[in-house]
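Peer 1:
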Amino acid sequence: MRVMGIDPGLRNLGWGVIDVAGSRLTHVANGICHSESGDLADRLLSLHTQLTAVMRQWAPEAAAVEHTFVNKDAVATLKLGQARGIALLVPAQAGLTVGEYAPNAVKKTVVGVGHAAKMQVDHMVRLHLPGVVIAGPDAADALAVAICHAHHLQSAGRLAAALQRAAG
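Using the working numbering, the first residue of the sequence shown is number 1, and each one after it goes up by one.
(1) Whole angstroms are fine: how far does the CA of asparagine 71 sit from the CA of isoleucine 32?
(2) Around the C-beta of arginine 43, are 16 or more other C-beta atoms found within 10 angstroms, so that it is buried, or is it exposed?
(3) Are the beta-carbon atoms belonging to leucine 129 and isoleucine 6 less than 8 Å from one another?
(4) What do you reckon, are the CB atoms on leucine 13 and alanine 83 nearer than 8 Å?
(5) Is glycine 169 near alanine 102, with beta carbons less than 8 Å apart?
(6) Taking the alpha carbon of lysine 79 as the point to measure from, which residue in His152, Leu10, Ala166 has its own alpha carbon closest?
(7) Specify, as a first and last residue, the run of the alpha helix (DSSP H) that asparagine 30 falls within.
(8) On the CB-based measure, 16 or more other CB atoms within 10 Å of its CB, does threonine 49 come out buried or exposed?
(9) Per DSSP, what kind of secondary structure is glycine 168 in: helix, strand or coil?
(10) Identify whether leucine 80 lies in helix, strand or coil by the three-state DSSP scheme.
(11) By Cβ distance below 7 Å, which residues in the same chain neighbour alanine 92 in space, the five residues on each side in sequence not counted?
(12) Kindly indicate the opening and closing residues of the beta strand (DSSP E) around methionine 4.
(13) Classify alanine 102 as helix, strand or coil using the three-state DSSP reduction.
(14) Identify the residues that DSSP records as bridge partners of isoleucine 18: which are they?
(15) Flag this pair as yes or no: are the beta carbons of valine 28 and histidine 149 separated by less than 8 Å?
(16) Is it buried or exposed, serine 35, if we count other Cβ atoms within 10 angstroms and call 16 or more buried?
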């Protein structure tokens with residue numbers, strides 16, 4: 001199964017694609033969609049266009065987006081929320097169900113600690129995906145989201161199989 005993780009951002013929207021075969025994870029691609037300065041509508045359109053091209057190129061079968069945390073700057077939080085809307089919209093337009101994970105859940109899955117530093121996340125992504133060349137911190141976070149989603153999909157699949165065996 002091919003899984004895409006997305007780390008929403010208005011300036012830098014990170015994305016990462018991995019292949020999952022059983023418990024084996026393989027890096028496929030990663031990158032960052034950049035929006036140029038300008039009015040908000042143009043920036044959102046740019047992110048939508050770029051992320052749509054990434055979706056078409058790598059054709060994931062599952063996608064997940066990191067939740068936005070609320071900070072003290074309400075205006076910045078609202079703008080980030082709009083970029084997150086693009087991150088949810090593009091995979092939905094491709095017909096995918098989109099998983100959503102809190103940053104602490106992603107860190108706990110990938111690092112083992114819910115309050116891990118960005119450097120720890122980057123390090124563990126590199127351990128999970130040997131040989132990966134990461135485009136930047138936003139792409140590392142997106143790959144972490146993809147890894148988290150892959151683990152949750154595997155757990156859900158095992159649970160469904162166990163429930164089916166118990167019922168049958």
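Where a beta carbon is used, it is the ideal one built from N, C-alpha and C, also for glycine.
The structure displayed is predicted, hence computed values, not measured ones.
Peer 2: Per the coordinate set shown:
(1) Rounded to whole angstroms, the gap between the alpha carbons of isoleucine 32 and asparagine 71 is 23 Å.
(2) Its Cβ being crowded by 16 or more others within 10 Å, arginine 43 is buried.
(3) 8 Å or more divides the Cβ of leucine 129 from the Cβ of isoleucine 6.
(4) Contact flag set, yes.
(5) Only positions 1 to 168 of the chain appear in the structure, and residue 169 is not among them; the question remains open.
(6) Of the candidates His152, Leu10, Ala166, the one whose C-alpha sits nearest the C-alpha of lysine 79 is Leu10.
(7) Where asparagine 30 is concerned, there is no enclosing alpha helix (DSSP H), although the beta strand (DSSP E) around it starts and stops at 24–34.
(8) It is exposed - the Cβ of threonine 49 has fewer than 16 other Cβ atoms within 10 Å.
(9) Looking at glycine 168 - three-state DSSP - the assignment turns out to be coil, as it is neither helix nor strand.
(10) Taken through DSSP and simplified to helix, strand or coil, leucine 80 comes out as helix.
(11) Around alanine 92: Val98.
(12) In the DSSP annotation of this structure, the continuous segment of the beta strand (DSSP E) that includes methionine 4 starts and ends at 2–7.
(13) In the structure shown, the three-state DSSP call for alanine 102 is coil.
(14) Note: isoleucine 18 is bridge-paired with Val3, His27 in the DSSP secondary-structure output.
(15) No, the pair does not count as a contact, with Cβ atoms beyond the cut-off.
(16) Flag for serine 35 reads buried.
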